[in-house]
Amino acid sequence: MSNLQLLSVLSLVSAIATFVPAIAQAQLTSVSTYTQNAPQEQRSDAEKVIEVTGVRLNSTPQGLELILETAGGQQLPAATPTIDDNNWIADIPQARLALPEGDYRAENPAQGISLVTVTQIDANRVRVQLVGETATPTAEVVPSQNGLVVTVAPVTAAPTAQTPAESEATTEGEPAQEITVTATRTAEEPQDVPRSVTIINREQIEQQTRLSQNVGEILGKLVPGLAVPTQSSSNFGQTLRGRNVQVLIDGVPQSTSRNAQRDLRTIDPSAIERIEVVRGPSAIYGDGGTGGVINIITRTASEERLASQSQIGISGALGDLSGDSLGYNLQHAISGTEDNFDFAVSGSLTTTGGFFDAEGDRIPPDPNAQGGFSDAETLNFFGKLGVNLDEQQRLQLTFNHFDDSQDTDFTTEPSVNLLPGRQKARTLEGLNLDELPGTRNTLLNL
């Protein structure tokens with residue numbers, strides 16, 4: 003290699019040695035600059051968090067005004083509120099509470115608003131929450147030069163819809179009476195019973211007794227699904243939805259061990275306050291309630307100190323208005339309330355004459371019906387004494403005696419069955435029984 007070539011190689015190596023450190027130094031300087039700038043950006047973000055040093059809640063003609071005050075009069079960023087049930091919520095970013103008491107809380111500051119809170123939910127967010135009593139509060143976030151203002155409009159309760167019964171009671175100045183169903187053995191409102199329920203009140207009973215004093219006939223007209231009465235002292239065949247019913251008087255079952263089917267012929271309508279019928283199988287009172295439960299509630303005492311009522315009625319058959327068809331009904335009731343004591347006493351006597359058809363012929367009683375309503379006499383005595391021990395306890399004694407008997411001289415002539423074709427029943431006079439058909443029932447309940 004010549005001297006000239008050697009000199010060229012040495013010059014090239016020297017240039018490379020000088021250039022490489024310069025590149026390395028430039029790269030190192032760039033990295034150093036990058037690593038030094040990161041802490042400066044973090045410190046810049048931290049400096050943007052604004053401290054809330056005071057919270058004031060003022061009443062205004064327009065409602066409420068919630069003021070969040072900041073250190074140095076810095077303006078807080080606005081927040082978009084959210085609604086959750088009766089809660090109005092606004093989360094303010096880049097904010098931190100610096101209150102001496104920690105969080106802010108005000109209970110019932112205005113009508114319709116039950117709670118106002120200002121709390122720290124994380125490192126850089128403050129939550130403002132308004133809780134309404136019955137509805138969501140209406141509020142607006144307004145930025146302020148010294149912090150932030152939340153204006154709250156007054157909350158007015160929505161008017162509740164009144165049922166027709168409530169409206170009529172208010173108009174007449176009488177409170178609406180709440181009817182409960184006790185046939186389920188617990189006091190419940192009718193709409194809360196998970197079965198079909200029929201309630202017959204005292205007014206309906208009085209309307210029906212103008213035509214008949216038979217409880218079974220009254221129920222047959224007013225209770226859906228209950229069969230028509232058998233026109234006899236027995237309620238055999240008068241089923242509810244095709245099945246037998248359990249009859250109660252003030253929750254006491256009236257069925258006998260022999261199942262004599264006289265359950266609806268055990269009390270006079272004059273001693274009944276209301277009747278509750280729950281359709282569907284029931285076993286809570288024992289056997290016999292496959293079709294449902296009929297609970298007869300006896301009369302209650304008047305709220306007055308002393309009240310009395312008397313009633314006289316006459317009945318007769320249009321086919322024959324002679325003395326044999328005439329009957330009468332006598333009733334008298336007295337009741338009252340004095341302090342914690344109340345009482346109710348009543349008595350009734352009902353006589354029924356013979357039954358006649360449109361042609362004036364007597365309708366003979368059915369010999370297989372175990373007694374009927376024609377030529378019958380019914381006597382009923384009822385008494386109730388009660389004392390209210392306190393708002394939750396009451397002691398009550400109930401007594402009812404029912405005596406019904408049929409004394410007739412007529413029966414069906416059997417020879418009619420031997421005649422060809424369809425024949426009208428004929429009456430045969432001269433019936434003489436050693437023991438008159440009837441029903442006697444005494445109830446004593448404490």
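Sequential numbering of the sequence shown, starting at 3, is according to this note's numbering.
Glycine included, every Cβ here is placed at the ideal spot set by N, Cα and C.
How many Å lie between residue i and residue j at the Cα?
i	j	result
Arg58	Pro192	51 Å
Ile202	Glu278	6 Å
Pro95	Val128	7 Å
Ile220	Leu435	30 Å
Ser284	Asn110	49 Å
Ala189	Glu67	48 Å
Asp368	Phe238	14 Å
Thr400	Gly65	59 Å
Gln139	Ala155	The residue asked about is misnamed: residue 139 is Pro in this sequence, not Gln. Spanning the two alpha carbons is a distance of roughly 7 Å.
Gly432	Ser327	18 Å
Leu308	Glu340	9 Å
Glu437	Phe412	15 Å
Asp289	Gly423	44 Å
Leu78	Thr121	15 Å
Ser337	Val389	14 Å
Leu430	Pro271	32 Å
Pro439	Thr200	32 Å
Gln408	Glu379	6 Å
Ile393	Pro231	For clarity, residue 393 is Glu in the given sequence; the question names Ile instead. Each residue's alpha carbon lies about 41 Å from the other.
Leu213	Asp194	34 Å
Among the residues of its own chain, which have a CB less than 8 Å from the CB of residue i, if the five just before and after it don't count?
i	result
Ile274	Arg204, Ile207, Val217, Ile298, Ile299, Thr300, Arg301
Ala24	Reliability fails at Ala24, whose pLDDT of 45 lies under 50, so the model's placement of it is uncertain and the value that follows must be treated cautiously. Answer for Ala24: no residue qualifies.
Gln27	Legend: pLDDT at Gln27 = 44, less than 50; position of this residue unreliable, no value from coordinates given.
Under 6 Å Cβ to Cβ from residue i, same chain only, skipping five residues before and after it: list those, please.
i	result
Ala335	Gln311, Ser348
Glu135	Gly114, Ser116
Arg428	Glu415, Val418
Phe384	Ala273, Ser348, Asn402
Pro210	In the sequence under discussion, the amino acid at residue 210 is Gln, which differs from the Pro named in the question. Result list for Gln210: Ile220, in chain order.
Ile91	Thr84, Gln131
Ala73	Glu53, Thr55
Arg267	Ser235, Thr441
Ala80	Val143, Pro145
Phe404	Thr268, Ile269, Asn382, Asn443
Ser287	The identity of residue 287 in the sequence shown is Tyr, whereas the question assumes Ser. Gln248, Pro255.
Gln233	none
Tell whether a beta-carbon distance below 8 Å holds between residue i and residue j.
i	j	result
Glu71	Ala100	no
Gly2	Thr353	With the chain running from 3 to 448 in the structure shown, residue 2 is simply not present.
Ala449	Gln215	The requested residue 449 is not part of the displayed model; the chain covers only 3 to 448.
Thr444	Asp406	no
Asn447	Asp252	yes
Leu450	Ile296	Nothing in the structure corresponds to residue 450, since the chain is present only between 3 and 448.
Gly75	Asn126	no
Leu381	Leu332	no
Thr292	Asn342	no
Arg281	Gly227	yes
Ala112	Val51	no
Arg243	Gly318	no
Asp87	Ile123	no
Ala141	Thr153	yes
Measure the beta-carbon distance from residue i to residue j and round it to whole angstroms, keeping in mind my assumption that it falls under 8 Å.
i	j	result
Ser236	Gln248	About 16 Å; that fails the 8 Å criterion.
Leu132	Val118	6 Å
Phe345	Leu387	5 Å
Asp377	Gly362	That belief does not hold up - the Cβ atoms of Asp377 and Gly362 are roughly 17 Å apart, past 8 Å.
I'd like the list of long-range same chain contacts for residue i, defined as Cβ closer than 7 Å, with 5 residues on each side in sequence excluded.
i	result
Tyr106	Val57, Thr119, Val120
My parser needs the beta strand (DSSP E) runs of 3 or more residues fully inside the stretch 293-360; what are they?
294-300, 309-317, 329-340, 343-354, all fully within the stretch 293-360.
So within the stretch 114-149, which uninterrupted beta strand (DSSP E) runs reach at least 3 residues, ignoring any that extend past its ends?
Listed in chain order, they are 115-124, 127-134, 141-146.
Go through the stretch 226-253 residue by residue and report every complete run of the beta strand (DSSP E) that reaches 3 residues or more, in order.
List check, beta strand (DSSP E) in window: 247-251.
Run through the stretch 369-399 for me and flag every whole alpha helix (DSSP H) of 4 or more residues, listed as ranges in chain order.
Along the length of the stretch 369-399, whole alpha helix (DSSP H) runs at least 4 residues long do not occur.
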